[in-house]
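This report concerns only the one structure given below.
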Amino acid sequence: MSTGTAADGGAPARARDAGALWRLAVATLDGNWEHDHTVPSRTLYPHQWSWDSAFIAVGLSHVRPDRAWRELRTLFAAQWADGRVPHIVFNPALRAGSYFPGPAFWDSARVAGAPAVATSGIVQPPVHALAAWLVHRRAPSERSRAELAWLYPRLVAWQRYLTGRRDVGGAGLASIVHPWESGLDNSPAWDSPLAAVPADVAVMRAYQRHDTDHADAAHRPTDLDYARYVALVDAYRAGGYRDDGLGGRHPFLVECPLVNTALGLAEHALAAIARETGADPGPHRERATRITAALVDRLYDPVGGTFHPRDLRTGRLVPARTALGLMPLALPGLPARPVAALLAEACSPRFGLAARMDRPLPSHDRTAPDFEPLRYWRGPSWQNLNWLLWRGLRAHHRFDLAAGLRDSMVDLVATAGCHEYFHPDTGAGLGSPAFGWTAALLLDVLAEP
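Per full-length UniProt numbering, the sequence shown starts with residue 1, numbered consecutively.
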């Protein structure tokens, strides 16, 4: 259990004082501010990350709304011509080799349509429209309306990229080409699709991983995982990061429940943004309905009562029961039967959601034989997944369960500080301390009654 200070992301043991936690979160975000964006952490993640910035903007809206808009504007200034929002925007002020895989590995400068700044070539879940709407709603002003007007066409282009170029399955859902695009890098959900990706762990001898310099290697993806990650980037980069013909040439293609939940949530948010900026909200509502229907049709298992990724290489649902399967609960238009089934799944011993929670919500089924409480996305609890589920519970009027999850989120930081993720049994802080989205989303749940 951490007993550090605000500077290192720690908090006094069981310090549940809301004022102290608020100050800790603000100090964490202020400490991670980097001239025009917020780094997820000063150690593991020294550049700008896509979905991190969205979550961070939500938190900043409560204390630094100007920074919240700067966060989103900086990210979308690096949007590619085809509409994609890259998952990393590299800070040119940092020395080469300070992070792996860095700008030279991605080599975006050689790709037509890439921005002037160096970026990666893959994406992360499209939570940005939701973030933009929440920033405006929580700090409305003439400035915020102008920012929405600037962002709106860029957010629409981002949606069109995902529902157009990335609709490999042809059913209206976006496909991911790399586990990193899901945000849940080494989730057990990717074990089966990744097993078909040819890779030799010896390839990692040519690279220097930096994540294991700052976190225990036993908590991080393995070298074999990384060899497959590298192989997938090599394959995508070799094709100039093009998305045409992916079905015939790319070795990893999956429809992810979280990515497509975010896609649907974005259309709901865009409908609200359209009303605010004088555009037509109707098409966004229609697309949200179609995405939700496609999610249920393609990714829901009515027998098991949860959602699963679909491996487009095999056409089959991936059997692992992970927190990814709970994320569609965040959609306000989800039909009643899947809602009831997901609530039962979330409250089962696999995940332990309750009005009074004994343990944090894990990222993977804690009854599964491959559950690992210390290794990254294979068991630990993450505040961004908790936050999305918390919002979904409120949307479906399960305020009792939402309150239990909120209390659990607050207790995690009160016990361990603003860590990157947390032990799913003890609540101990894991990964990087002073982590941006943990601080930001703490502010958001503290601000709600």
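Note that beta-carbon positions come from the ideal geometry of N, C-alpha and C, so glycine has one too.
{"Query": "If you run the structure through DSSP and keep just helix, strand and coil, what is GLN124?", "Result": "coil"}
{"Query": "So, helix, strand or coil for residue 534, using DSSP?", "Result": "Beyond the ends of the chain as shown, which are 1 and 449, falls residue 534; an answer cannot be given."}
{"Query": "Of the residues SER53, TYR45, ILE88 and VAL63, which one's Cα is nearest the Cα of LEU443?", "Result": "VAL63"}
{"Query": "For VAL254, name the three-state secondary structure that DSSP assigns.", "Result": "strand"}
{"Query": "Relative to the C-alpha of VAL445, which residue among ARG290, MET409 and SER108 is closest?", "Result": "MET409"}
{"Query": "Looking only at its own chain, which residues have a Cβ that is under 7 Å from the Cβ of ALA439, when we skip the five neighbours before and after it?", "Result": "ALA25, THR28, LEU29, GLY59 and CYS418"}
{"Query": "What would DSSP say about ARG137, mapped onto helix, strand or coil?", "Result": "helix"}
{"Query": "Check PRO49 in the structure and name its three-state DSSP category.", "Result": "Going by the sequence as given, residue 49 is Trp instead of Pro. If DSSP states are grouped into helix, strand and coil, TRP49 belongs with the strands."}
{"Query": "Measuring CA to CA, which of PRO101, ARG237, LEU317 and THR292 is closest to VAL254?", "Result": "LEU317"}
{"Query": "On the criterion of 16 or more Cβ atoms from any shown chain inside 10 Å, does SER98 qualify as buried, or is it exposed?", "Result": "exposed"}
{"Query": "What is the C-beta distance between PRO188 and ALA320, in whole angstroms, given that I count them as a contact (C-beta under 8 Å)?", "Result": "4 Å"}
{"Query": "Tell me, which residues are paired with ASP301 by DSSP?", "Result": "THR306"}
{"Query": "How is THR289 classed by DSSP in three states: helix, strand or coil?", "Result": "helix"}
{"Query": "Check GLU147 in the structure and name its three-state DSSP category.", "Result": "helix"}
{"Query": "So LEU155 packs on GLU276, CB below 8 Å; how close in whole Å?", "Result": "Their Cβ separation, rounded to whole angstroms, is 12 Å, which puts LEU155 and GLU276 out of contact at 8 Å."}
{"Query": "What do you reckon, are the CB atoms on LEU232 and PRO251 nearer than 8 Å?", "Result": "yes"}
{"Query": "Determine the DSSP secondary structure at ALA81, reduced to helix, strand or coil.", "Result": "coil"}
{"Query": "Please report the residue range of the alpha helix (DSSP H) in which THR28 lies.", "Result": "18-32"}
{"Query": "Among ASP311, PRO101, LEU134 and TRP106, which one has its Cα closest to the Cα of ALA271?", "Result": "LEU134"}
{"Query": "Whole angstroms is fine: what's the gap from GLU34's alpha carbon to PHE90's?", "Result": "12 Å"}
{"Query": "With DSSP as the reference, please indicate the residues paired to LEU430 in a beta bridge.", "Result": "TYR421"}
{"Query": "Over the uninterrupted alpha helix (DSSP H) stretch that includes GLY245, give me the two end residues.", "Result": "First-last for GLY245: undefined, no H or E at that position."}
{"Query": "Could you name the residues that DSSP lists as bridge partners for VAL89?", "Result": "GLN48 and THR119"}
{"Query": "Could you work out which residue in GLY170, ALA129, GLU267 and ALA139 is closest to TRP150 when comparing CA atoms only?", "Result": "ALA129"}
{"Query": "Can you check which of these residues, PRO360, VAL413, ALA93 and ILE88, is closest to PHE100 by C-alpha distance?", "Result": "ILE88"}
{"Query": "Ordered along the chain, which non-local residues of its own chain (more than five positions away) have a Cβ less than 6 Å from that of THR5?", "Result": "Residue confidence is low: THR5 scores 37 on pLDDT, short of 50, so the model does not pin down where it sits. Its coordinate-derived value is still stated next. Nothing meets the Cβ criterion."}
{"Query": "With a CB to CB cut of under 7 Å and the five nearest residues on each side skipped, what residues in its chain are close to MET204?", "Result": "Low confidence applies to MET204: its pLDDT is 46, below 50, so where it sits in the model is not reliable, and the reading given next is rough at best. Cβ neighbours of MET204 beyond the five flanking positions: ASP223, TYR226 and ALA227."}
{"Query": "I need the DSSP call for SER192, collapsed to helix, strand or coil.", "Result": "helix"}
{"Query": "What is the DSSP secondary structure of ASP311, reduced to helix, strand or coil?", "Result": "strand"}
{"Query": "Cα separation between LEU343 and ALA266?", "Result": "23 Å"}
{"Query": "Would a C-beta distance cut-off of 8 Å place ARG290 and LEU299 closer than the cut-off?", "Result": "no"}
{"Query": "Report the CB separation of GLN124 from TRP69 in whole angstroms; it is logged as a contact under 8 Å.", "Result": "Not a contact, Cβ separation roughly 20 Å."}
{"Query": "Under the three-state reduction of DSSP, which class applies to HIS178: helix, strand or coil?", "Result": "coil"}
{"Query": "Could you tell me which residues DSSP puts in a beta bridge with SER381?", "Result": "PHE422"}
{"Query": "Considering only the beta carbon of each residue, do LEU184 and TRP437 sit closer than 8 Å?", "Result": "no"}
{"Query": "In this structure, does DSSP put HIS396 in helix, strand or coil?", "Result": "coil"}
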